[in-house]
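>
Quick look at the structure:
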């Protein structure tokens, strides 16, 4: 028995990812136009209250952790977690998850690595940034250079394997049992797709934020 | 002695896939110990329960990574 993960061009992870990105763009443009004409004295609608809560929570989290220049990171981080929440749970609807392809998660991880090293060199200057590699003692340069490769590899593999395991178990469940899996299917999708998907989206967001926080120089207030 | 044809390679690949998933022992033990310390912390201070639970879930999701590396190798071996 040859076990392959089903690869049809119309449900391939890249096509679903493009569809999710176009949907988020259209949603953001429409809501942005509606909010720009919005009078703050009227009673807010539910959509605006929900968006204020979500964006406010993410911005507060960035403000407490990222110091003075939190605004330049906060917008990317909110869109990241918004995309990841949709992309991880869309596997429930019969299409292949965007994040279950390694190409997409390694792209997000490379953006994270670029953010980390851009922050390091911007906060300390070019010479200080290179000296940071030698920081606790001189032979640690090997381990610091390895973590340039191991950080994006572990972040992308964590996200990809969590999502691909839910796809693989769904294939086994529906392939072997067939229509008798219908009573079990809601619990299965609730655990594997929704629960693990939301947790892995939050963990990716948190790891990006904490890795950037390690590179920022905080001035002490006293 | 059997000859080394492609059925031998395929059988050995399945065996290797089964052994590779044994790396899940480490992640299971580690996450269980983390959950034990989390429960102890909630018992010590019940009003911080939601913060403790968020921290514990985030820590467990990071610790699960090395157990998942074994699952990835098992999928790659099953495909051969």
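Chains as they are written, first to last, in the numbering used here: chain A, 1 to 222; chain B, 1001 to 1080.
Note that CB positions come from ideal geometry on N, CA and C, so glycine has one too.
Can you tell me which of the three DSSP states residue 31(A) falls into?
Counting from 1 along the first chain, the entry for residue 31(A) is found at position 31. DSSP places residue 31(A) in helix when its eight states are reduced to three.
> Chain A partners of residue 1062(B), CB-CB under 7 angstroms?
Counting from 1 along the second chain, the entry for residue 1062(B) is found at position 62. The contacting residues are 203.
> Considering residue 144(A), what are the terminal residues of the alpha helix (DSSP H) in which it resides?
Here the question's residue 144(A) lines up with position 144 in the first chain. Residues 141–176.
> Could you pull out every residue in the same chain whose Cβ sits closer than 6 angstroms to the Cβ of residue 1012(B), ignoring the five residues on either side in sequence?
Numbered from 1 along the second chain, position 12 holds the residue referred to as residue 1012(B). Nothing listed; no residue qualifies.
> Comparing the C-beta of residue 150(A) with each C-beta of chain B, is any distance below 8 angstroms?
Reading the first chain from its first residue, position 150 is the one you call residue 150(A). Judged by the 8 angstroms Cβ criterion, residue 150(A) is not in contact with chain B.
> Give the residues from the region 94–120 of chain A that approach chain B closer than 7 angstroms (Cβ to any Cβ), ordered along the chain.
If the cut-off is 7 angstroms between Cβ atoms, the region 94–120 of chain A has nothing near chain B.
> Is it buried or exposed, residue 80(A), if we count other Cβ atoms within 10 angstroms and call 16 or more buried?
For the purposes of this step, residue 80(A) is taken as residue 80 along the first chain, with counting starting at 1. Its Cβ being crowded by 16 or more others within 10 Å, residue 80(A) is buried.
> Do the region 181–196 of chain A and the region 88–96 of chain A meet, that is, are 3 or more Cβ pairs less than 8 angstroms apart?
Cβ pair count under 8 angstroms is three or more, so yes.
> Check distances from the C-beta atoms of the region 183–201 of chain A to those of chain B and list, in chain order, the residues that come in under 8 angstroms.
If the cut-off is 8 angstroms between Cβ atoms, the region 183–201 of chain A has 199, 200 near chain B.
> Can you pull out the residues from the region 1048–1075 of chain B whose beta carbon lies closer than 8 angstroms to at least one beta carbon of chain A?
Here the close residues are 1057, 1058, 1061, 1062, 1064, 1065, 1068, 1069, 1071, 1072, 1075.
> Would you say residue 162(A) reaches chain B, if we count a Cβ-Cβ gap shorter than 8 angstroms as a contact?
Locating residue 162(A) in the first chain gives position 162, where the first residue counts as 1. Yes, residue 162(A) lies at the interface with chain B (some Cβ there is under 8 angstroms from its Cβ).
> Is it buried or exposed for residue 1064(B), if we count other Cβ within 10 angstroms and need 16 for buried?
Start at 1 with the first residue of the second chain, and residue 1064(B) comes out as number 64. Buried: at least 16 other Cβ atoms inside 10 Å.
> Going along chain B, which residues have a C-beta under 7 angstroms from residue 165(A)?
For the purposes of this step, residue 165(A) is identified with residue 165 of the first chain, where counting begins at 1. Correct list: 1071.
> Are the C-beta of residue 58(A) and some C-beta of chain B separated by less than 8 angstroms?
Residue mapping note: residue 58(A) aligns to position 58 of the first chain, counting from 1. By this cut-off, residue 58(A) is not an interface position.
> Would you report the Cα separation of residue 2(A) and residue 1077(B), rounded to the nearest angstrom?
Within the first chain, the letter at position 2 stands for residue 2(A). Within the second chain, the letter at position 77 stands for residue 1077(B). Residue confidence is low: residue 2(A) scores 44 on pLDDT, short of 50, so the model does not pin down where it sits. No coordinate-derived value is stated.
> Which residues of chain B have a Cβ atom closer than 8 angstroms to the Cβ of residue 206(A), listed in chain order?
For the purposes of this step, residue 206(A) is taken as residue 206 along the first chain, with counting starting at 1. 1058, listed in chain order.
> Roughly how many whole angstroms lie between the Cα atoms of residue 1081(B) and residue 1037(B)?
Not covered by the structure: residue 1081(B). The range shown for chain B is 1001 to 1080.
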